[in-house]
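Residue numbers (my numbering): 606 to 703.
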């Protein structure tokens with residue numbers, strides 16, 4: 606299983622990566638703090654799962670999500686520490702599962 610973690614915070618990326626590797630011993634975790642690099646990584650090495658931060662520094666996460674949906678049928682889990690229901694619902698409405 607290949608898991609791509611895209612999160613602006615290095616500490617969060619390490620914690621999430623560690624958790625994934627504990628749960629799935631054979632998992633290969635790739636991480637980045639930049640949305641544009643994350644888009645390139647969705648195409649190659651084609652992860653089975655993407656964990657995507659809703660607040661990226663270089664590109665709006667909403668746009669990253671939209672492009673990922675166009676590129677791949679990979680499962681995407683959004684990560685957020687914010688409690689903004691309207692924005693969270695927008696992500697769900699605009700990027701339905703394929």
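Using N, Cα and C, we set each Cβ at its ideal position, and we do this for glycine too. The model shown is predicted, which means the values in this text are computed figures rather than measured ones.
Are the stretch 608-618 and the stretch 653-672 touching, with three or more C-beta to C-beta distances below 8 Å?
yes
Roughly how many angstroms lie between the CA atoms of residue 615 and residue 683, to the nearest whole one?
On the chain shown, residue 615 is found 10 positions in, with the first residue counted as 1. On the chain shown, residue 683 is found 78 positions in, with the first residue counted as 1. Rounded to the nearest angstrom, the gap between the Cα atoms of residue 615 and residue 683 is 16 Å.
Where does residue 673 sit, in a helix, a strand or coil, going by DSSP?
Here residue 673 refers to the residue found at position 68 of the chain shown. In this structure, residue 673 counts as helix in the three-state DSSP scheme.
For residue 607, which beta-bridge partners are listed by DSSP?
Residue 607 sits at position 2 when you count from the first residue of the chain shown. In the DSSP output, where bridge partners are listed per residue, residue 607 has 633.
Looking at the structure shown, is residue 661 part of a helix, part of a strand, or coil, going by DSSP?
Counting from one through the chain shown, the residue named residue 661 turns up at place 56. In this structure, residue 661 counts as coil in the three-state DSSP scheme.
How should residue 618 be labelled, buried or exposed, when 16 other C-beta atoms within 10 angstroms of its C-beta is the threshold for buried?
Locating residue 618 in the chain shown gives position 13, counting from the first residue. Its Cβ being crowded by 16 or more others within 10 Å, residue 618 is buried.
What are the residues that DSSP puts in a beta bridge with residue 647?
As a working note, residue 647 is residue 42 in the chain shown. Partner(s): none; residue 647 has no beta bridge.
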